[in-house]
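Notes to accompany the following structure.
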Amino acid sequence: MNLRILFTILHDFIIFGLSFFIALWIRLDFANALILSKGLWPFIMLFSLSNIFLLKYMRLYHGIWRYASLHEIISIIKSVVISTLLLLGTFFLIFRLENIPRSFPILLLATSIFACISPRVLYRIIKDNFKKKGVKKIPIFVVGDNSTSENFIRMSKQIDSPYKVIGLISVKEKSVGRRIHNVPILCSLENLNNLVDKLKSEKNPPQRIIVSDSKIDKKFLESLYIFSKQNGLAIGMLPKISELSGGTKNQFETSPIVIEDVLGRKQKVNNPEILKDIKNKVVLVTGAGGSIGSELSRQIFNLKPKLLILLEQNEFNLFKISSELRENTIVSLTDIRDTEKMQKVLSHYKPHYVFHTAALKHITFVEDEPLEALETNFFSTVNLCQLCKKLKIKKFVFISTDKAVDPTNVMGASKRLCEKYIQKISNETKSTIFSIVRFGNVLGSTGSVVPLFEKQINNGGPITITHPKIKRYFMTIREAVELVLISSQLEIKENGEIFILEMGESIFIKDLAKRMIQLCGKKESDIEIKYSGLRKGEKIEEKLFFDNEIISKTKVPGILSTNSKLFSPNISDFYKLTSEMRKPVKKNVINYFEKLLPEYCKSE
């Protein structure tokens, strides 16, 4: 037992003894109370010790006064009531309650409860209101239901909190005008415009809005985003419990709410039980510094793998993701085209899972350098699959694209060739499970139109779109990666199965641009939209599956699957292509490549 607990027990012992005397003093007078208490000292001891015992039994002495709450108050009331009843029982056995004033037990209850609770509450008030001088906190508005807002206000009173909550935005209209911990509820989410006058009159206006409830309705999130843009406020979201437990964030580290969060769909799945198999496993992610690879690494990290291997050839991207994920991670600055280095990494760490996201994906650049695309996208995938088969890696997951369906460009064609090869090599082994995950565009990835449009809007326009009728599928990176992880855990019907992520309806890019203009707090008339013409290899509209593919549903909403092996060449044909790629002069590579892909409709 430490000195702090001993001091608290001594404090309470004295408090209960004094309360006994004060109760007598109120009922009698000081002189009579003093005389009577001398004869009743054994009963004073009984009352004090019984309270100490009960409070210790209720673990009150393990609490910290700085965080005294309703729980402690209820424990004190219970203890005093029980001790008073015990005292009355003792009086009855000895005195038959003769000469005991009837008001004494009530006075004893009141004085004891007040005397025991008051120091704790006073201590908390002092600590809450007299912080370290010189610590300037950021004034903020908090958005959420009353429960989550109350939790955040209590957290914000901690010394290390960077925030001072000056106002609340509630999800309930009926709560407006009320207060939580003396912080006013200024408006509801349905009436954000009522805040404008408040912002103008505030002497210490808020610098940001923090959303404390991650389950907030999408339409309200959109309204908050527009409001924050129009009024020059930063907006962020508190971390989820999974992010706190995973160690990627602390309780005050907010994630900026970006335009992709508002544009994306409501997620169907969130940290399901199905992902538990990844815990305590060794996982390797290629392209770990890219858009998909980095988010995949974060979500795997939160699942607590035994070891996470971040493999990336871009030094800066690898530094960024490795700085974020430190525990139980290994970084490998490796080009996936380096077969010898890849073999060393896989042989040494023996991962249970390999998620292959590394690829060249920018259509325009890849059209101009088809051999580079085949080296990175196809040849490296072939080598990696062979290594996984040889080392009997448990699962290999390949990230594909909707551009692999009826491909019209080298990037999509190279990905389609990978799909076909993986389906072939999967027939040769039962030790390694091969699967493919195919999906469309992700919001906010490098090269995505979303950050480009946002930059163009902030610069005053114009927004450039290639064609007025161009349409694309979109989902957030977070949702796509979550579904990729779930796909890796689904029971496959046949090795080499292709999982296809349902992406809803494709949308016109021009409609996306118009909505982004609105979300950035501007009018459509403020920003011009210009059309530049389709680029080489670009399609008006993408598809998620071939017309002849047989699609079936899985047990998880949002994930479809197919085992169809369309336009399937012999495995030897693939190795003829890789053999040509190993030659110093690669004059026949493109011809072999195109022969393997009758579905490839090369753009002129």
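Residue numbers for the sequence shown follow the working numbering, beginning at 1 and rising by one.
Yeah, the Cβ is synthetic: ideal placement off N, Cα and C, and Gly gets one too.
*For histidine 356, count neighbouring C-beta atoms within 10 Å of its own C-beta (all shown protein chains included) and say buried if the count is 16 or more, exposed if not.*
buried
*How would you label lysine 420, buried or exposed, when you count the other beta carbons within 10 angstroms and need 16 or more for buried?*
buried
*Is it true that the segment 527-539 meets the segment 460-477, where meeting means three or more beta-carbon pairs spaced less than 8 Å apart?*
yes
*Per DSSP, what kind of secondary structure is methionine 516 in: helix, strand or coil?*
helix
*Cα-Cα, which of Gln343, Asn409 and Phe53 is closest to glutamate 594?*
Asn409
*Beta-carbon proximity of serine 297 to leucine 310, cut-off 9 Å*: yes
_Would lysine 38 and leucine 54 be called neighbours here (beta carbons separated by less than 9 Å)?_
no
*Determine the DSSP secondary structure at lysine 530, reduced to helix, strand or coil.*
strand
*Give the C-beta separation of valine 605 and phenylalanine 499 to the nearest angstrom, bearing in mind that I take them to be a contact with Cβ-Cβ under 8 Å.*
Only positions 1 to 604 of the chain appear in the structure, and residue 605 is not among them; the question remains open.
*For alanine 234, which residues of its own chain have a beta-carbon under 6 Å away from its beta-carbon, when the five flanking residues on both sides are left out?*
Arg208
*asked:* Is isoleucine 477 close to chain D? Criterion is C-beta to C-beta, closer than 9 Å.
replied: The structure shown contains no chain D, having only a single protein chain.
*methionine 411 lies in the alpha helix (DSSP H); which residues open and close that run?*
410-425
*With DSSP collapsed to three states, give me the class of cysteine 601.*
coil
*Could you give the residue range of the alpha helix (DSSP H) that holds methionine 155?*
146-156
*Would phenylalanine 301 be called buried (16 or more neighbouring beta carbons within 10 Å of its own) or exposed?*
buried
*Excluding five sequence neighbours on each side, which residues of the same chain lie with their C-beta closer than 7 Å to the C-beta of glycine 412?*
Thr401, Lys403 and Ala404
_Can you find the residues in the same chain that come closer than 6 Å, C-beta to C-beta, to lysine 394, ignoring five residues on each side of it along the sequence?_
His352
*List the residues that DSSP assigns as beta-bridge partners of serine 448.*
Partner(s): none; serine 448 has no beta bridge.
*asked:* Quick test of your reading: serine 426 and glycine 496, contact by CB under 8 Å. State the CB separation rounded to the nearest angstrom.
replied: 3 Å
*Where do the N-terminal and C-terminal ends of the alpha helix (DSSP H) with serine 525 fall, by residue?*
Careful: serine 525 lies outside any alpha helix (DSSP H) and carries neither H nor E.
*For leucine 325, is the classification buried or exposed, using 16 other Cβ atoms within 10 angstroms of its Cβ as the cut-off for buried?*
buried
_Contact the segment 512-532 vs the segment 450-459: 3+ CB pairs below 8 Å_ = yes
*In chain order, what residues of the same chain lie with their CB nearer than 7 Å to the CB of glycine 247, ignoring the 5 residues before and after it?*
A caution first: glycine 247 carries a pLDDT of 46, below 50, which makes its placement in the model unreliable, though a value can still be read off. Same-chain partners within the cutoff: Glu327.
*Count the CB pairs spanning the segment 365-374 and the segment 383-393 that are closer than 8 Å, and state whether there are at least three.*
no
_Where the alpha helix (DSSP H) through tyrosine 473 begins and ends_ = Unbroken run through tyrosine 473: none, as it is neither H nor E.
_By the DSSP assignment, the beta strand (DSSP E) with alanine 234 in it spans what residues?_
234-237
*State the DSSP-derived secondary structure class of isoleucine 608, mapped to helix, strand or coil.*
Given that the chain is displayed from residue 1 to residue 604, the structure contains no residue 608 and the question cannot be resolved.
*Using 10 angstroms around the beta-carbon of proline 462, count the other beta-carbons present and answer buried if the total reaches 16, otherwise exposed.*
exposed
*Who are the Cβ neighbours of asparagine 458 in its own chain at under 8 Å, not counting the five residues just before and after it?*
Cys520
*asked:* Can you tell me whether leucine 308 is helix, strand or coil according to DSSP?
replied: strand
*Give the range of the beta strand (DSSP E) segment to which asparagine 328 is assigned.*
Unbroken run through asparagine 328: none, as it is neither H nor E.
*Whole-angstrom distance between glycine 440 and isoleucine 507, CA atom to CA atom*: 12 Å
*asked:* aspartate 277 and glutamine 313 - do their beta-carbons sit closer together than 9 Å?
replied: no
*Is it the case that the Cβ atoms of valine 354 and leucine 333 are separated by a distance below 9 Å?*
no
_Pop quiz: leucine 485 and leucine 501 are said to be a contact at Cβ under 8 Å. What is the actual Cβ separation, rounded to whole angstroms?_
The pair is not a contact, with the Cβ atoms about 12 Å apart (cut-off 8 Å).
*Quick one: Cα of lysine 249 to Cα of asparagine 2, how far?*
Confidence in lysine 249 is poor, its pLDDT being 48 and thus under 50, which makes the residue's placement unreliable; the coordinate value appears in the next sentence. Each residue's alpha carbon lies about 32 Å from the other.
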